[in-house]
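Taking it in order: structure first as structure tokens, then the write-up.
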Ligand code: EPZ
């Protein structure tokens with residue numbers, strides 16, 4: 124097992140290139156299944172989730188190859204085995220994004236129940252009901268969903284999601300591109316990654332448009348063609364490095380990301396007194412650390428985009444430990460996404476866990492090094508940020524979770540002056 128050894132207290136400064144967004148590229152790889160023509164994705168991050176999905180697609184029978192450093196060519200000619208094995212589905216929940224594309228193109232697929240992970244139960248009932256409304260038959264048996272489309276193919280439907288679901292929206296809209304007739308999605312997700320996927324699908328010949336804030340309309344076509352698409356920058360990675368600058372008192376310029384995708388985070392920066400320059404035209408965000416503890420406490424509630432992202436709240440909690448006064452977190456999306464706070468307590472944070480969705484953090488507190496363990500991707504980034512903030516040395520285990528969504532995180536941090544290295548334990 125690998126671990127990070129981090130010695131904190133060093134202000135991080137310099138420039139960091141933000142990679143392509145994990146929560147966009149995985150869906151774009153699935154979108155390539157919708158055509159028998161080759162698709163080329165650029166700005167593909169070198170993360171383990173991409174490697175896992177690449178292997179999954181190859182096992183189904185599709186050609187997937189990396190070109191140069193950051194491009195991926197996918198060619199889904201035929202599906203030899205329309206099947207995703209359980210261990211792959213459990214390893215990466217996002218494999219469920221294959222449901223819509225596989226049903227739309229091949230009419231059948233067997234997918235494992237991705238199950239919950241550390242942040243909550245994470246059911247897929249909204250995905251299943253959306254595809255059933257489009258004519259699919261989906262039976263759950265022995266841990267697998269056996270899904271098939273009618274002989275004549277899927278048909279359009281008016282799907283009104285009771286809860287905003289990012290991947291539910293994406294599964295339904297990808298299936299709708301090849302369905303007969305028109306599909307309307309209401310209460311659809313608004314994340315920038317969803318709009319980037321809409322761009323890619325449009326480039327493949329899909330007739331798809333966001334006609335209102337939470338409404339997406341799709342007119343099915345007979346076939347889609349290949350395309351070349353550049354994956355948008357990862358707003359979650361950018362936010363992680365922005366916080367790294369703020370908590371260590373440095374100054375970091377993140378390039379390759381659209382700062383308008385971090386609107387809710389930047390308004391929290393305004394409330395906390397964190398200085399930044401956002402350059403949408405130049406796709407850069409520069410964040411400056413607060414001079415000796417000049418941070419103000421803040422109350423944050425997570426909401427679907429454009430609200431404050433649930434993925435942002437874990438890293439933000441480190442900033443809260445350094446702010447003057449008592450901050451609060453209200454996690455509305457997932458039922459179990461505050462566990463990382465227990466690890467912060469072991470590093471000296473003053474946290475009151477009110478219940479599984481509410482916490483209060485009082486600062487500023489001087490964090491100290493500790494041996495801590497990572498249980499999920501965003502909690503991992505949080506503990507790295509805490510270790511960079513803490514005086515002394517921390518050892519962080521479970522770093523494979525971080526590798527799932529952050530490309531070469533220690534190399535990027537070292538380039539900013541961090542004292543971090545990866546050891547075989
Ligand atoms: C996506 O997950 C992201 N993952 C998550 O990022 C992100 O936290 C989440 O959206 C919310 O923004 C990817 O895009 C790969 P949801 P997703 O469906 O689509 C409930 C990360 O760290 N729900 O928007 O799976 C669900 O339980 C990951 O990169 C149902 O009840 O999330 C949750 O409470 C973590 N039934 C809420 O909806 C369903 O069928 C939102 O979940 C589907 C979801």
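Residue numbers (this note's numbering): 124 to 548.
By construction, the Cβ of each residue, glycine as well, lies at the ideal position given by its N, Cα and C atoms.
Treat the numbers as computed from the prediction; the structure is a model and nothing was measured.
Query raised in the report: Which residue comes first and which comes last in the beta strand (DSSP E) that contains residue 264?
Result: 260–264
Requested in this report: To the nearest angstrom, report how far apart residue 432 and residue 454 are at their CA atoms.
Outcome: The alpha-carbon atoms of residue 432 and residue 454 are separated by roughly 9 Å.
Query raised in the report: Since residue 187 is in the beta strand (DSSP E), which residue starts that stretch and which ends it?
Result: 186–190 is the span of the beta strand (DSSP E), which, as asked, contains residue 187.
Query raised in the report: Can we count residue 296 as close to ligand 1, meaning its CB is less than 7 Å from some heavy atom?
Result: no
Query - Local Cβ density within 10 Å of residue 475, reported as buried at 16 or more and exposed below that - result: Label assigned to residue 475: exposed.
Query - Closest Cα partner of residue 388 within the set 402, 413, 439 - result: 439
Query - Sequence-distant residues of its chain with Cβ nearer than 6 Å to residue 339 (five each side left out) - result: 296, 308, 311, 333
Query - 8 Å Cβ shell around residue 348 - same chain, five flanking residues per side excluded - result: 158, 160, 327, 328
Requested in this report: Leaving aside the five residues before and after residue 469 along the sequence, list all residues of the same chain whose C-beta is less than 7 Å from its C-beta, in chain order.
Outcome: 493, 495
Query - Supposed close pair residue 151, residue 135 - CB separation, criterion 8 Å - result: About 31 Å separates the two Cβ atoms, so there is no contact after all.
Requested in this report: Return the bridge partner residues of residue 235 from the DSSP annotation.
Outcome: 267
Report task. State whether the segment 363–371 contacts the segment 163–182, with contact taken as three or more CB pairs (one from each stretch) at a distance under 8 Å. Result -> The segment 363–371, when compared against the segment 163–182, does not touch it at the 8 Å Cβ threshold.
Query raised in the report: Once you ignore the five residues that flank residue 497 on each side, which residues in its own chain have a CB closer than 8 Å to its CB?
Result: 503, 506, 519, 520, 521, 522, 524, 525
Query raised in the report: Can you find a heavy atom of ligand 1 that lies under 7 Å from the Cβ of residue 223?
Result: no
Report task. Report yes if the C-beta distance between residue 356 and residue 528 is below 8 Å; otherwise report no. Result -> no
Query raised in the report: Distance, Cα to Cα, residue 491 vs residue 320?
Result: 42 Å
Query raised in the report: Exposed or buried, residue 264, counting other C-beta atoms within 10 Å across all chains shown (16 or more means buried)?
Result: It counts as exposed.
Query raised in the report: For residue 286, does the count of other Cβ atoms within 10 angstroms reach 16, so buried, or fall short, so exposed?
Result: exposed
Query raised in the report: If you draw a straight line from the C-alpha of residue 436 to the C-alpha of residue 425, how long is it?
Result: 7 Å
Query raised in the report: Mind pulling the beta strand (DSSP E) runs of 3 or more residues that sit fully within the segment 390–435?
Result: 398–402, 407–411, 422–424
**Report entry** residue 245 CB to nearest heavy atom of ligand 1 below 7 Å
**Finding:** yes
Query raised in the report: So, using beta-carbon positions, are residue 204 and residue 183 closer together than 8 Å?
Result: yes
Query - residue 562 beta carbon near ligand 1 (any heavy atom closer than 7 Å) - result: Past the boundaries of the shown model lies residue 562; the chain is included only from 124 to 548, so the question cannot be answered.
Report task. Taking residue 325 and residue 302 to be in contact with their CB atoms under 8 Å, please state how far apart those CB atoms are, rounded to whole angstroms. Result -> So it is not a contact: roughly 16 Å between Cβ atoms.
Query - Residues of its chain near residue 245, where Cβ-Cβ distance is below 8 Å and the 5 sequence neighbours each way are ignored - result: 216, 237, 238, 239, 457
Report task. Kindly list the residues whose CB is nearer than 6 Å to the CB of residue 450, restricted to its own chain and excluding five residues on each side of it in sequence; keep chain order. Result -> The residues are 420, 421, 443, 484.
Report task. Identify the continuous alpha helix (DSSP H) that holds residue 171 and give its terminal residues. Result -> 171–183
Query raised in the report: Rounded to a whole number of angstroms, what is the C-alpha to C-alpha distance between residue 408 and residue 138?
Result: If you take the alpha carbons of residue 408 and residue 138, they lie about 10 Å apart.
Requested in this report: Indicate, with yes or no, if ligand 1 has a heavy atom lying under 7 Å from the CB of residue 248.
Outcome: yes
Report task. Give the secondary structure of residue 138 by DSSP, where H, G and I count as helix, E and B as strand, and everything else as coil. Result -> strand
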